[in-house]
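**Q** Counting in this note's numbering, the sequence shown runs from 89 upward without gaps.
Following this message is one structure expressed as structure tokens.
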Amino acid sequence: MDIRNKANRIRLLSFSTPQMRAFHLSWFAFHVCFFGWFGIAPLMAVVRDDLGLTKTQIGNTIIASVAITIVVRLVIGLLCDRIGPRRAYTWLLCLGSLPVMMIGFADSFETFLMARLAIGAIGASFVITQYHSSIMFAPNVVGTANATTAGWGNLGGGTTQILMPLIFSGVLMLGVSETLGWRLAMVVPGIVLFVTGIAYYRLTQDAPNGNFDELRARGELPEATREHGALQSFAAAAKDIRVWALFLVYAACFGVELTINNIAAIYFFDTFSLNLATAGLIAGLFGLMNLFARTLGGVFSDLFARRNGLKGRVRWLFLAMLCEGIALIGFAHMEVLALAIGIMLVFSLFVQMAEGATFGVVPFINKKALGAVAGIVGAGGNAGAVAAGFLFRSESLTYQEGLFYLGVAVVVISLAALAVRFTPEVEAEEEAAYREAAGAEDTANTATPIGAR
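This is the structure:
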């Protein structure tokens, strides 16, 4: 996919260009999706008592919330190639808002499980976010752009842990019972999702030069048929072993983050005998690291690329993954609350930097099948969460034991990053593109007065 006029700088305070509108709307939309996707997680202690759920049943709902996303992420990447990220995101947000608001009708384990399964589809929003930023930004900043939009989106996992108990408390102040309170609280993220979907359609466009249908009408983008069709695109991505290596890597970083988002509040609630609000606040700290941690992963990916090209991006990814696994093993052994919080923050830093580093590599795997590659790798995150979910549904394993085994698995999977390699021709081509984009940025910086930047 040959997209012209990509931005070679990220102007955070700008909303005037299509590139920066896509940047800000994509991270905000992903943030809101987390609000709906995991809005029920910090309320699970109340839901557990209301519906009489066992630990195994809670584990099954956690698996359900991330399992369906595997399939939807595979499809949504292909959908982006066909109809563009603007319309794909609008449909996902508006349709996804419905099960979020309707989960309040659940009155048994079975209906609650089905609701969480349906809500899980909005987790595919990540693929659209990464797709949109990948086609809007040039090679010298695409790693940072991808990491920042995803990181600020993932930040929703932290704000959700903090805001949902507060929303729940606010609903209770109206005089309703806890049984009705958690149901009414879930209406709030549903409304926000729907409104965001309408805003995305009205304020963004697919590419710097216009929407995909306009580009195809002008002959600037090939029709999504034959060799550029969805099946051909998916087949090209699926045959590439590097894609599956990144699938495993992302399973071991984003999959782990999803797992922690699901269990953190109830883990601190049960293990350290905290109240719901305090447990949610501490759990929220894990997600709040996304404010800068995932961006750092992308920044370092771009910096490593400046010195060592695509090989540098891969080496940084391996290093971040290795440190993540070691930190998770340490977190699993913490029995003092203050130490547990401290090592959790270190672990959070590396897990999110590893995510940023992963999508600092993805845009360079196969540009003609970008949607398929992003979809498969993104699905890996949810596949990892499903696999990890089985550890925490077992009555015979404590949360600490599950976290330890998960840490060991991350250390082993970090080696998969080293399987990602590029031909000398591709490395030379991307290095030239990086230098060209960086040179254009330097020229723009020189020509622009300091006060106007």
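For glycine and all other residues, C-beta sits at the position ideal for the given N, C-alpha and C.
Can you tell which of Y487, N454, F435, R161 has the C-alpha that lies nearest to the C-alpha of A340?
**A** Ranking Y487, N454, F435, R161 by Cα distance to A340 puts F435 first.
**Q** Helix, strand or coil for F282? Go by DSSP, reduced to three states.
**A** It is helical.
**Q** Pull up the distance between the alpha-carbon of C182 and that of A206, whole angstroms please.
**A** Those two C-alpha atoms are separated by around 13 Å.
**Q** Which two residues bound the contiguous alpha helix (DSSP H) that contains T511?
**A** Run containing T511: none; DSSP gives neither H nor E here.
**Q** Whole-angstrom Cβ separation of P277 and V188, contact assumed at under 8 Å?
**A** Yes, P277 and V188 are in contact; Cβ-Cβ is about 6 Å, under 8 Å.
**Q** What residues in its chain sit with their C-beta under 7 Å from that of N228, if we drop five residues either side in the sequence?
**A** Answer for N228: N96, D390, Y522, A525, A526, E529, listed in chain order.
**Q** Just to confirm the assignment: which complete beta strand (DSSP E) runs, minimum length 3, are found wholly within the stretch 326-391?
**A** You should have found no qualifying run.
**Q** When the Cα of L398 is compared with those of P512, C121, Y487, which residue comes out closest?
**A** It is P512.
**Q** Please state whether DSSP places A273 in a helix, a strand or coil.
**A** Helix, per DSSP.
**Q** Please state whether the Cβ-Cβ distance between F225 and A235 is less than 8 Å.
**A** No. Outside cutoff.
**Q** Please report the straight-line C-alpha distance between G413 and F510, rounded to a whole angstrom.
**A** For G413 and F510, the distance between alpha carbons rounds to 26 Å.
**Q** When the distance is taken between beta carbons, is P451 closer than 8 Å to S153?
**A** It is not a contact, given that the beta carbons lie outside the stated cut-off.
**Q** Using three-state DSSP, classify G298 as helix, strand or coil.
**A** DSSP places G298 in strand when its eight states are reduced to three.
**Q** Which of the three DSSP states, helix, strand or coil, is assigned to A110?
**A** Here A110 sits in helix by DSSP.
**Q** Is F225 helix, strand or coil when you go by DSSP?
**A** Strand, per DSSP.
**Q** Going by the DSSP bridge assignment, what does A567 pair with across the sheet?
**A** It is not possible to answer for residue 567, since the shown part of the chain is limited to 89 through 541.
**Q** How big is the Cα-Cα spacing for A442 and I164?
**A** If you take the alpha carbons of A442 and I164, they lie about 23 Å apart.
**Q** Are the beta-carbon atoms of E311 and N297 separated by less than 8 Å?
**A** No. Outside cutoff.
**Q** Residues bridged to I95 by DSSP?
**A** Ile is not the amino acid found at residue 95; the sequence shown has Ala there. Note: A95 sits in a beta bridge opposite F225.
**Q** Does the structure place the stretch 405-424 close enough to the stretch 268-282 that three or more beta carbon pairs sit under 8 Å?
**A** These segments do not touch.
**Q** Would A117 and T217 qualify as a contact pair, given that the criterion is a beta-carbon distance under 8 Å?
**A** For A117 and T217, yes; Cβs fall inside 8 Å.
**Q** For I151, which residues from the same chain have a beta carbon less than 6 Å from its beta carbon, with the 5 sequence-adjacent residues on both sides left out?
**A** Only V474, G477 meet the Cβ criterion.
**Q** Tell me which residues share the same chain as Y355 and place their Cβ nearer than 7 Å to its Cβ, disregarding the 5 neighbours each side in the sequence.
**A** Same-chain partners within the cutoff: Y487.
**Q** Do the CB positions of L131 and A273 come within less than 8 Å of each other?
**A** Cβ distance < 8 Å, so L131 and A273 count as in contact.
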